[in-house]
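J.: Quick one: this structure, given as structure tokens, is what I'll be asking you about.
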Amino acid sequence: MARKTKTETRRRWRSPWLRALVATAVCATAAGGLVVYRTVSDEATERPVTTDEAARLALSRLNLYQASPVGVTLTADEGGGVGIRVEGVVDYRTHRGVGRYRTTGASGPLDHGLVVWDTGGLGLAPEPAGVDGPAWQQAEHVPRQGWSPRSYTADPLDSGLRLVVQLGADRPDNPLLLAQSGARWLGRDRIDGRSYDRVAGPRAQGSAPDGERSPLTYWVDGDGALRRVTMRMPGLGTPTTADFTGRDGSGAVLPEAPWVAG
């Protein structure tokens with residue numbers, strides 16, 4: 084195989100999709116090996132993406148951006164029988180999200196409250212008493228000092244929130260770069276009665292052995308709409324999953340990050 088030149092390597096990594104999303108996945112999986120995750124599909128043999136599949140994957144971030152604010156449900160396995168679920172809204176024009184989180188263990192619910200996040204970190208707060216409505220309306224009643232802010236860690240929840248807020252973009256990606264960087268078609272699945280191509284994302288150069296899949300998997304429909312993303316985590320049999328439920332929270336004003344000085 085011919086050795087790539089430095090110019091070819093630099094060109095390969097110009098895409099924001101490849102730099103940001105692959106970097107998030109690499110950080111999340113650096114501590115251990117990858118686990119296998121598959122779903123039922125009407126075809127069994129994985130292969131490189133076609134030109135059409137790469138084009139639809141390249142459009143998916145723009146479509147998500149244009150649809151925002153979008154509803155998202157994030158589920159993560161924290162290990163030790165503890166799971167966490169976040170139901171919220173993400174606005175890709177401001178790159179901020181807000182939602183309700185609920186942590187459960189083998190014996191039942193452990194904790195719940197509100198979470199806000201952006202590209203820089205996250206904040207947690209109790210749900211305000213006597214305030215009904217969606218999470219973004221409840222968050223408006225939490226004063227800045229009522230949030231407990233922190234930077235991101237390598238935990239499954241943090242990795243999932245950080246990934247979710249980076250997915251939307253105001254322009255399409257380069258489909259040629261996606262195809263050249265290892266994106267692979269894995270199968271076709273039905274979610275809520277609609278057909279989606281399941282595609283392994285691009286791989287960071289040197290982050291995995293030759294032939295190893297990206298830890299990120301995307302479900303994209305025939306119009307390039309992104310329905311689901313999963314991220315495999317080290318040592319966990321259940322991947323972190325983000326399900327996008329379409330346009331939601333119209334008119335929502337997401338709170339400013341509580342870790343930003345007022």
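With the first letter of the sequence shown counted as 1, position 158 gets the number 241 in this note's numbering; the numbers rise by one all the way through. From the three backbone atoms N, C-alpha and C, an ideal C-beta is built for every residue, glycine too. Values in this document were obtained by computation on a predicted structure and should not be read as measured data.
#1: By the three-class DSSP mapping on this structure, what secondary structure does residue 172 have?
#2: What does the alpha-carbon distance come out to for the pair residue 214 and residue 223?
#3: With the cut-off set at 7 Å, would you say residue 182 and residue 208 are in Cβ contact?
#4: How big is the Cα-Cα spacing for residue 164 and residue 261?
#5: Does the beta-carbon of residue 143 have 16 or more other beta-carbons within 10 angstroms, so that it is buried, or is it exposed?
#6: Between the C-alpha atoms of residue 278 and residue 227, what's the straight-line distance to the nearest angstrom?
#7: For the beta strand (DSSP E) containing residue 158, list its first residue and its last residue.
#8: With 16 other CB atoms within 10 Å as the buried threshold, where does residue 83 fall?
#9: Using the rule of at least 16 other Cβ atoms within 10 Å of the residue's Cβ for burial, across every protein chain shown, is residue 192 buried or exposed?
#10: Leaving out the 5 sequence neighbours to the left and right, which residues in its chain are closer than 6 Å to residue 326 when beta-carbon positions are compared?
#11: The alpha helix (DSSP H) with residue 248 in it runs from where to where?
#12: Identify whether residue 298 lies in helix, strand or coil by the three-state DSSP scheme.
#13: So, helix, strand or coil for residue 143, using DSSP?
#14: Residues in its own chain within less than 7 Å of residue 266 by CB, not counting five upstream and five downstream?
#15: If we define contact as Cβ-Cβ less than 7 Å, is residue 147 a contact residue for chain B?
#16: Suppose the cutoff is 6 Å on Cβ atoms and the five residues either side in sequence are ignored; what does the same chain contact list for residue 179 look like?
#17: Tell me whether residue 148 sits in a helix, a strand or coil according to DSSP, three-state version.
#18: Which class does residue 262 belong to by DSSP, given the choice of helix, strand or coil?
#19: When burial is assigned at 16 or more other CB atoms within 10 Å of the CB, is residue 306 buried or exposed?
#20: Beta carbon of residue 148, beta carbon of residue 175: below 7 Å?
#21: What is the DSSP secondary structure of residue 219, counted as helix, strand or coil?
#22: Once the 5 residues before and after residue 150 are set aside, which same chain residues still bring their CB inside 6 Å of it?
T.: Well, looking at it:
#1: As a working note, residue 172 is residue 89 in the sequence shown. Strand, per DSSP.
#2: Reading the sequence shown from its first residue, position 131 is the one you call residue 214. Reading the sequence shown from its first residue, position 140 is the one you call residue 223. Counting only the Cα atoms, residue 223 lies some 10 Å from residue 214.
#3: Here residue 182 corresponds to residue number 99 of the sequence shown, with the count starting at 1. Here residue 208 corresponds to residue number 125 of the sequence shown, with the count starting at 1. No, Cβ-Cβ distance for residue 182 and residue 208 is not below 7 Å.
#4: The residue you call residue 164 lines up with position 81 of the sequence shown. The residue you call residue 261 lines up with position 178 of the sequence shown. Cα to Cα, the separation comes out at about 36 Å.
#5: Your numbering for residue 143 matches position 60 in the sequence shown. Its Cβ being crowded by 16 or more others within 10 Å, residue 143 is buried.
#6: Residue numbering aside, residue 278 sits at position 195 when the sequence shown is read from its first letter. Residue numbering aside, residue 227 sits at position 144 when the sequence shown is read from its first letter. Here the alpha carbon of residue 278 sits roughly 43 Å from the alpha carbon of residue 227.
#7: Translated into the one-based positions of the sequence shown, residue 158 becomes position 75. Where residue 158 is concerned, the enclosing beta strand (DSSP E) stretches over 153 to 162.
#8: Outside the displayed span of the chain (84 to 345) sits residue 83, for which this structure offers no information.
#9: Counted from its first residue, the sequence shown places residue 192 at position 109. By the 10 Å Cβ count, residue 192 comes out exposed.
#10: Reading the sequence shown from its first residue, position 243 is the one you call residue 326. The residues are 156 and 311.
#11: Residue 248 sits at position 165 when you count from the first residue of the sequence shown. Counting along the chain, the alpha helix (DSSP H) containing residue 248 begins and ends at 239 to 249.
#12: The residue you call residue 298 lines up with position 215 of the sequence shown. In this structure, DSSP gives residue 298 a state outside helix and strand, which the three-state scheme calls coil.
#13: Taking the first residue of the sequence shown as position 1, residue 143 is located at position 60. Residue 143 falls in the helix class under three-state DSSP.
#14: Numbered from 1 along the sequence shown, position 183 holds the residue referred to as residue 266. In chain order, 132, 137, 140, 282, 283, 284 and 285 place their CB closer than 7 Å to the CB of residue 266, counting only its own chain and leaving out the 5 sequence neighbours on each side.
#15: The structure shown contains no chain B; it is built from a single protein chain.
#16: For the purposes of this step, residue 179 is taken as residue 96 along the sequence shown, with counting starting at 1. Excluding positions up to five away in sequence, the list reads 201 and 337.
#17: By 1-based counting over the sequence shown, the position of residue 148 is 65. Looking at residue 148 - three-state DSSP - the assignment turns out to be helix.
#18: Looking up residue 262 in the sequence shown gives position 179. The three-state reading of DSSP puts residue 262 in helix, counting H, G and I together.
#19: Here residue 306 refers to the residue found at position 223 when the sequence shown is read from its first residue. Of the residues assessed, residue 306 falls on the exposed side of the cut-off, its CB having fewer than 16 other CB atoms within 10 angstroms.
#20: Within the sequence shown, the letter at position 65 stands for residue 148. Within the sequence shown, the letter at position 92 stands for residue 175. In this structure, residue 175 lies closer than 7 Å to residue 148 by Cβ.
#21: Looking up residue 219 in the sequence shown gives position 136. DSSP places residue 219 in helix when its eight states are reduced to three.
#22: As a first step, residue 150 is located in the sequence shown; it is residue number 67 there, counting from the start. Sequence-distant partners of residue 150 (beyond 5 residues in either direction) whose C-beta falls short of 6 Å from its own C-beta, in its chain, are 330.
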